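Notes follow the structure.
Residue numbers (full-length UniProt numbering): 1 to 400.
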């Protein structure tokens with residue numbers, strides 16, 4: 001089959017520009033803060049647009065029956081590869097609304113920028129992906145596989161319920177060849193990320209009256225020693241050029257004690273660990289356990305410290321030979337953008353997918369400012385080249 005030319009992809013994107021901006025505006029006008037707002041209106045808005053362009057949709061629900069995602073699939077060759085375009089329709093909170101120069105759901109355009117919560121993360125990504133699916137749907141005979149839209153509304157809660165409902169559904173697709181996630185940023189294609197291991201550590205003391213003549217071991221004092229020991233750890237350096245970021249360990253929360261007159265018998269620590277090939281999940285778990293044992297040994301009158309691992313996502317990096325990585329980078333360069341491959345410090349859905357053996361890019365999109373902050377906004381003149389790049393990348397993947 002004849003591949004799309006750069007000129008054709010740019011022409012399609014130029015023709016779609018006003019529609020992409022309009023859909024983004026409509027989505028931004030509907031508040032969809034994760035865990036705060038109802039997701040019904042924003043899902044209905046996207047459903048109406050997709051139905052109006054001949055695309056079928058279905059909603060995915062969580063364990064309690066609540067909506068967690070919207071899915072649409074364009075099927076060309078059923079025997080071909082299946083690629084997923086993933087973007088979230090829920091958003092971060094507004095923060096201090098009085099600090100915004102415009103209301104967070106205004107969708108106002110000024111100086112070539114559109115303002116509003118979710119403009120960059122990731123309603124414009126969803127709008128671009130919807131238009132790409134509509135384009136392929138009008139030429140489905142040229143689609144050498146299946147293209148899936150996955151719009152998550154449980155991303156900013158940290159639950160990732162939409163992704164989990166889709167990828168872990170026993171009745172869902174048995175084959176997914178790759179995922180491109182529409183996080184913003186025009187300077188990089190995110191091809192990997194540090195993994196994450198999160199733990200809740202319960203440190204025990206012996207309860208007593210704080211005014212008692214006899215000393216009683218305080219869970220808080222014991223936990224403070226553990227925090228100091230963890231903070232002083234010398235973690236392995238980077239894994240070299242292929243994975244240039246080091247591991248990281250952070251105590252992110254301390255909970256313990258109540259009132260004034262009781263020596264606490266429990267203090268709970270939350271620990272966030274970022275993983276690399278040089279500091280793996282197994283090594284991180286062993287480090288925590290070794291430090292806990294050392295502290296328990298120094299406090300023989302107390303119960304042993306317990307560790308509950310709550311999140312386990314592996315580190316990942318797409319190799320240079322990855323078709324997904326090459327397709328998106330090559331396409332972006334073809335439309336005269338200049339992103340470089342990047343391994344992200346924070347974890348993302350790509351790490352979750354890596355655990356399932358599914359390759360993913362986890363960021364490439366429009367230029368933006370104020371992500372999760374005051375006056376979040378997107379640069380409108382970057383929509384066209386980004387859409388054209390994704391169009392060419394999909395064409396390369398479906399018609400190699």
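The beta-carbon is built from N, C-alpha and C at its ideal position, and this holds for glycine as well.
None of the values given here were measured: they were computed from a predicted structure.
Contacts around residue i, its chain only, beta-carbon distance under 8 Å, and the 5 residues preceding and following it disregarded
i: residue 188; result: 339, 340, 341, 342, 363 and 364
i: residue 141; result: 76
i: residue 12; result: 135, 387, 388 and 391
i: residue 252; result: 270, 271 and 272
Cα-Cα separation, residue i to residue j
i: residue 319; j: residue 325; result: 8 Å
i: residue 336; j: residue 369; result: 21 Å
i: residue 176; j: residue 359; result: 9 Å
i: residue 83; j: residue 48; result: 23 Å
i: residue 59; j: residue 178; result: 21 Å
i: residue 181; j: residue 191; result: 10 Å
i: residue 85; j: residue 149; result: 5 Å
i: residue 62; j: residue 68; result: 6 Å
i: residue 38; j: residue 171; result: 27 Å
i: residue 118; j: residue 224; result: 39 Å
i: residue 237; j: residue 275; result: 11 Å
i: residue 262; j: residue 283; result: 37 Å
i: residue 16; j: residue 131; result: 7 Å
i: residue 395; j: residue 328; result: 10 Å
i: residue 393; j: residue 53; result: 22 Å
i: residue 125; j: residue 139; result: 22 Å
i: residue 302; j: residue 215; result: 13 Å
i: residue 18; j: residue 34; result: 28 Å
i: residue 104; j: residue 247; result: 36 Å
i: residue 95; j: residue 376; result: 11 Å
N- and C-terminal bounds of the beta strand (DSSP E) containing residue i
i: residue 227; result: Here residue 227 belongs to no beta strand (DSSP E); instead the alpha helix (DSSP H) covers 219–231.
i: residue 308; result: 306–313
i: residue 151; result: 146–152
i: residue 196; result: 195–204
i: residue 366; result: No beta strand (DSSP E) contains residue 366, which DSSP labels as neither H nor E.
i: residue 181; result: 178–181
i: residue 115; result: 113–115
Close Cβ partners of residue i (< 7 Å) along its chain, the five nearest in sequence each way excluded
i: residue 277; result: 239, 243 and 315
i: residue 127; result: 20, 23, 24 and 27
i: residue 123; result: 24, 27, 28 and 89
i: residue 173; result: 82
Unbroken alpha helix (DSSP H) run spanning residue i, endpoints
i: residue 42; result: 40–52
i: residue 36; result: Neither: residue 36 is in no alpha helix (DSSP H) and is coded neither H nor E.
i: residue 295; result: 281–298
i: residue 340; result: No alpha helix (DSSP H) contains residue 340, which is instead part of the beta strand (DSSP E) from 340–344.
i: residue 349; result: 349–355
i: residue 163; result: 161–167
DSSP three-state assignment for residue i, whether helix, strand or coil
i: residue 58; result: strand
i: residue 216; result: coil
i: residue 372; result: coil
i: residue 252; result: strand
i: residue 136; result: helix
i: residue 79; result: coil
i: residue 209; result: strand
i: residue 20; result: helix
i: residue 269; result: strand
i: residue 422; result: With the chain covering only 1 through 400, there is no way to say anything about residue 422.
i: residue 122; result: helix
i: residue 337; result: coil
i: residue 328; result: helix
i: residue 378; result: strand
i: residue 28; result: helix
i: residue 386; result: helix
i: residue 98; result: helix
i: residue 71; result: strand
i: residue 86; result: strand
i: residue 64; result: coil
i: residue 275; result: strand
i: residue 131; result: helix
i: residue 192; result: strand
i: residue 393; result: helix
i: residue 242; result: coil
i: residue 142; result: helix
i: residue 92; result: coil
Residues near residue i in its chain [Cβ-Cβ closer than 6 Å; skip 5 each side]
i: residue 198; result: 272, 310 and 311
i: residue 92; result: 156 and 372
i: residue 108; result: 102 and 115
i: residue 14; result: 384
i: residue 220; result: 256, 257, 264 and 267
i: residue 80; result: 144 and 145
i: residue 250; result: 272
Closer than 8 Å to chain B by CB, residue i
i: residue 323; result: Chain labels in this structure do not include chain B; a single protein chain is all it has.
Checklist line | contact_flag[the stretch 204–218, the stretch 257–275] where n(CB pairs < 8 Å) is 3 or more | finding: Contact between the stretch 204–218 and the stretch 257–275 is present: 3 or more CB-CB pairs across the two stretches fall below 8 Å.
Notebook entry, point to check: Would the stretch 373–388 and the stretch 107–118 be scored as touching if the rule is three or more Cβ pairs under 8 Å?
Noted result: The stretch 373–388 is in contact with the stretch 107–118.
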